[in-house]
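Taking the working numbering, the leading residue of the sequence shown gets 62, the next gets one more, and so forth.
We put the CB at the ideal spot given by N, CA and C, even for glycine.
All of these numbers come straight from a predicted model, not from anything done at the bench.
One structure below.
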Amino acid sequence: MIERAEMNVKNIPLRQVITSFAGLRAHEDGHEFLIGEVEDAKGFIDCAGIESPGLTSAPAIGEMVAQILKEKMNLEEKEDFIATRNGVLDPNTLSKEERMELIKEKPEYGNIICRCEMVTEGEIMDAINRPLGAKSLDGVKRRTRAGMGRCQAGFCSPRTMEILARERHVSMFEITKSGGDSKIVTGTNKDSL
Numbered sequence: 062m063i064e065r066a067e068m069n070v071k072n073i074p075l076r077q078v079i080t081s082f083a084g085l086r087a088h089e090d091g092h093e094f095l096i097g098e099v100e101d102a103k104g105f106i107d108c109a110g111i112e113s114p115g116l117t118s119a120p121a122i123g124e125m126v127a128q129i130l131k132e133k134m135n136l137e138e139k140e141d142f143i144a145t146r147n148g149v150l151d152p153n154t155l156s157k158e159e160r161m162e163l164i165k166e167k168p169e170y171g172n173i174i175c176r177c178e179m180v181t182e183g184e185i186m187d188a189i190n191r192p193l194g195a196k197s198l199d200g201v202k203r204r205t206r207a208g209m210g211r212c213q214a215g216f217c218s219p220r221t222m223e224i225l226a227r228e229r230h231v232s233m234f235e236i237t238k239s240g241g242d243s244k245i246v247t248g249t250n251k252d253s254l
């Protein structure tokens, strides 16, 4: 793969590569969006062939899928549904004075956990404790960017795990990378002696 890439771009700085990703995206022959229940998989709503302008059409696709589900499952709108949620606090958008005031009120916003992405303990706590909060390292990463920087979580993982364990009231042995059985800590050094 590298040899083929270097046919187009000379001297690719491979030592700077931290991680790489690859994937597949299904394309529909007629370049049409395929949205609807799959005939041989009842209850499975397919959203396939979404290409440009997929991002622009995402809200309309969401409404279309919601309508399909409403009809298939006889769903009714919840009367006391709250359609908005509080935004996520990003300390980097605050002025210096506002940030100092925040740290005075909530000192955890002054404790940097991820140095690469400058993510604070307060941001991680918020990501864990909000509705549908993070339950794994990857959950924290997707919500805060902690672990997405140059060190790829080499520095901040242990500290993030400590916060996850503390805030979720679980043992470090229960913390996972991405849920399921992806546990990170499986024993202590003393156990292996």
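Whose C-alpha, out of the options, is nearest the C-alpha of residue i?
i, options, result
"GLU89", "PRO219, CYS108, ASN172, PRO152", "CYS108"
"PHE216", "ARG227, ILE173, ARG191, ARG203", "ILE173"
"ILE122", "LEU136, ILE106, TYR170", "ILE106"
"MET186", "ALA226, ARG76, SER239", "ALA226"
"ILE143", "ASP199, PRO192, LYS103", "PRO192"
"ARG203", "CYS212, ILE189, ARG211", "ILE189"
"PHE94", "ASP101, ILE111, VAL180, THR117", "ILE111"
"GLU333", "GLY194, GLN213, GLU98, ARG206", "The question about residue 333 has no answer, for the chain in this structure spans 62 to 254."
"GLU132", "MET233, VAL149, GLY97, ARG220", "GLY97"
"GLN77", "ARG220, GLN213, LYS238, LYS244", "GLN213"
"GLY115", "LYS103, HIS92, LEU136", "HIS92"
"VAL246", "GLY210, ARG146, THR205, SER197", "SER197"
"LYS244", "SER232, LYS251, ASN250", "SER232"
"GLY148", "PRO74, THR117, ILE164, THR205", "THR205"
So residue i is in the alpha helix (DSSP H); what residue range does that whole segment cover?
i, result
"ILE174", "Taken as a continuous stretch (DSSP letters only), ILE174 belongs to no alpha helix (DSSP H), being part of the beta strand (DSSP E) at 173-175."
"GLY183", "182-190"
"ILE63", "63-66"
"LEU198", "198-205"
"ILE164", "157-166"
"SER133", "Strictly speaking, residue 133 in this sequence is Lys, with Ser absent from that position. From DSSP, the alpha helix (DSSP H) with LYS133 extends over 115-134."
"GLU178", "That residue, GLU178, is in no alpha helix (DSSP H); it is neither H nor E in DSSP."
"THR221", "218-229"
Which residues does DSSP pair with residue i in a beta bridge?
i, result
"THR237", "LYS244"
"GLY97", "ASP107"
Residue range of the beta strand (DSSP E) that residue i falls in?
i, result
"ASP107", "102-109"
With a threshold of 16 other CB atoms inside 10 Å of the CB of residue i, please say whether the residue is buried or exposed.
i, result
"ALA208", "The question names Ala, but residue 208 in the sequence shown is Gly. It is buried - the Cβ of GLY208 has at least 16 other Cβ atoms within 10 Å."
"GLY248", "exposed"
"GLY183", "buried"
"GLY241", "exposed"
"ALA66", "exposed"
"THR271", "It is not possible to answer for residue 271, since the shown part of the chain is limited to 62 through 254."
"GLY200", "buried"
"SER113", "exposed"
"MET222", "buried"
"VAL180", "buried"
"SER218", "buried"
"GLU178", "buried"
"ILE73", "exposed"
"ILE63", "exposed"
| Counting pairs of Cβ atoms below 8 Å between the segment 126-134 and the segment 161-179, do you hit three or more? | no
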